[in-house]
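A short write-up of the structure that comes next.
In structure tokens:
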């Protein structure tokens, strides 16, 4: 086990039905330098709604044995499956709070030479990634940001519930998963049915139509709010939203939300290919996601040459100096914060073609008021530069550039009026020499 800190509890569903989820998770754990190992001896967690309902003592004892396996190895448990996490965390919490139950468990475990002392800690993978690696640690490793992509987080029922046993995030309004999505550069989209069950539990009792009704309700809302994809951790939720959605598509339903596990999104942002991550095993077509991402990534990589996007997002979220912008105060159609939001949404081509970016007069008011010394003007200066590189500019701006490159000036001296005022003629300018100098600079840039 070497320097391993965690025993990874894969559960039953991931290795049996979704091994590509295991592959992408392993690749990402290794890339993020999370020290983990696989332990011999684990069994089903066991699944709560089935086994606790059937026989609570068997459920408790099976989970306690799994906890004892990790404890004997001196390792904490990390799980990506919501169901496994919910069972193991709930049982560990209950044994901590109920000495009599723990005593009974240990009498039973003694028959196979085992004991549970209560030293092992159970963590969900999202908890580990947020609290240990951290959003900043993930952001620092991103090679291909998901900037401008609109991603819907689906936590699932058992990631943060029941709150009596699971304490790492708010059970009604969790935020840690969202923070991890935004660490990749994407926008975590707020939506009404975020905390609604996927419906998979109804499939398990044979109620397929009612199960699909829950799935459909969430997917239709996500289509209305315009997301590029859904992300989740739970393998049962993945099968519901990917495989059941695909079956509905085959029957003519107009559902089209690509589904990714969070480790898959991390892998893509780290520069791993879809083939390496096993994305060919998805049933719902992911091509629309990649088409949109490629378009936005091309534009964002260009923007990143001029701007720190994390600073741009902080500027957008602050928005304090909008009220101090003298142009925004007079010109109703100029809303700097709204334009910066469109940039973060990936609408870069639209912005470059718009007149709105030229309303920033670069008066430096926002810069001087900004506690970060960033200032909205930096965004508009960069956008205007990119627009000018594409030849997109107001006619007066183009005219000024043309004159500058031709004469080295923005206006020829009015010698007639100067003479009337008794001014001596100006000495010859250096326009021709400057033109040769700048031409050489352009040629050198073209050769790079």
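In the UniProt record's numbering, the protein residues as written are 1 to 448. Virtual Cβ for every residue (Gly too), placed ideally from N, Cα, C. Predicted model, so just to flag it, every value in this text is computed and none were measured.
Evaluate residue 175 with the Cβ neighbour count: other Cβ atoms within 10 Å of its Cβ, from every protein chain shown; 16 or more gives buried, anything less gives exposed. Residue numbering aside, residue 175 sits at position 175 when the chain shown is read from its first letter. By the 10 Å Cβ count, residue 175 comes out exposed.
With DSSP collapsed to three states, give me the class of residue 187. As a position in the chain shown, residue 187 is number 187, starting the count at 1. Reduced to three states, the DSSP call for residue 187 is strand.
Mind checking whether residue 153 and residue 177 have CB atoms under 7 angstroms apart? Looking up residue 153 in the chain shown gives position 153. Looking up residue 177 in the chain shown gives position 177. Yes, the pair counts as a contact, with Cβ atoms nearer than the cut-off.
Output the distance between the C-alpha atoms of residue 404 and residue 410, rounded to the nearest integer angstrom. Along the chain shown, one-based indexing puts residue 404 at 404. Along the chain shown, one-based indexing puts residue 410 at 410. When rounded, the distance between both Cα atoms is 5 angstroms.
Length of the line joining the Cα atoms of residue 330 and residue 362: Counted from its first residue, the chain shown places residue 330 at position 330. Counted from its first residue, the chain shown places residue 362 at position 362. Looking at the two C-alpha atoms, the distance is approximately 15 angstroms.
Cβ-based neighbour list, residue 42, same chain, cut-off 7 angstroms, excluding 5 preceding and 5 following: On the chain shown, residue 42 is found 42 positions in, with the first residue counted as 1. If we look at residue 42 and ignore the five residues flanking it on each side, its Cβ neighbours are 9, 66 and 69.
Hey, how far is the Cα of residue 420 from the Cα of residue 389? As a first step, residue 420 must be located in the chain shown, where it is residue number 420. As a first step, residue 389 must be located in the chain shown, where it is residue number 389. Approximately 41 angstroms between the Cα atoms of the pair.
Separation of residue 344 from residue 64, as counted between CA atoms: Within the chain shown, numbered from 1, the residue matching residue 64 stands at position 64. Within the chain shown, numbered from 1, the residue matching residue 344 stands at position 344. Going from the Cα of residue 64 to the Cα of residue 344 covers about 47 angstroms.
Residues that residue 150 bridges to, as DSSP identifies them: Translated into positions along the chain shown, residue 150 becomes position 150. DSSP lists 187 as partners of residue 150.
Same chain only: Cβ atoms within 7 angstroms of residue 179, ignoring 5 sequence neighbours per side: Here residue 179 is taken as the residue at index 179 of the chain shown, counted from 1. Excluding positions up to five away in sequence, the list reads 130 and 135.
Quick check: what's the CA-CA separation for residue 299 versus residue 396? Locating residue 299 in the chain shown gives position 299, counting from the first residue. Locating residue 396 in the chain shown gives position 396, counting from the first residue. Whole-angstrom Cα-Cα distance: 26 angstroms.
Which partner residues does residue 345 have in the DSSP bridge list? One-based indexing of the chain shown puts residue 345 at position 345. None, per the DSSP bridge assignment.
In terms of DSSP beta bridges, what is residue 262 paired with? Counting from 1 along the chain shown, the entry for residue 262 is found at position 262. Partner(s): none; residue 262 has no beta bridge.
Rounded to whole angstroms, what is the Cα-Cα separation between residue 412 and residue 433? Indexing the chain shown from 1 puts residue 412 at position 412. Indexing the chain shown from 1 puts residue 433 at position 433. Near 16 angstroms, if we compare the C-alpha coordinates of residue 433 and residue 412.
With residue 295 and residue 277 assumed to form a contact (beta carbons below 8 angstroms), what rounded beta-carbon distance in angstroms separates them? As a working mapping, residue 295 is identified with position 295 in the chain shown. As a working mapping, residue 277 is identified with position 277 in the chain shown. Not a contact, Cβ separation roughly 21 angstroms.
For residue 14 and residue 354, what's the separation of their Cα atoms in angstroms? For the purposes of this step, residue 14 is identified with residue 14 of the chain shown, where counting begins at 1. For the purposes of this step, residue 354 is identified with residue 354 of the chain shown, where counting begins at 1. Cα to Cα, residue 14 sits roughly 48 angstroms from residue 354.
By the 10 Å Cβ neighbour count, where 16 or more other Cβ atoms means buried, how is residue 97 classified, buried or exposed? As a first step, residue 97 is located in the chain shown; it is residue number 97 there, counting from the start. Within a 10 Å sphere around the beta-carbon of residue 97 sit fewer than 16 other beta-carbons, which makes this residue exposed.
Helix, strand or coil at residue 116 [DSSP, three-state]: As a position in the chain shown, residue 116 is number 116, starting the count at 1. Three-state DSSP puts residue 116 in coil, outside helix and strand.
Assuming residue 71 contacts residue 36 (C-beta within less than 8 angstroms), just tell me the rounded distance between them. The residue labelled residue 71 in the question sits at position 71 within the chain shown. The residue labelled residue 36 in the question sits at position 36 within the chain shown. At roughly 16 angstroms, the Cβ-Cβ gap does not stay under 8 angstroms, so residue 71 and residue 36 are not in contact.
Please report how far the alpha carbon of residue 381 lies from the alpha carbon of residue 312, in whole angstroms. Mapped onto the chain shown, residue 381 falls at position 381. Mapped onto the chain shown, residue 312 falls at position 312. Approximately 13 angstroms, taken between the alpha carbons.
Any idea what DSSP makes of residue 230, helix, strand or coil? To locate residue 230, count along the chain shown from 1; it is residue 230. Reduced to three states, the DSSP call for residue 230 is strand.
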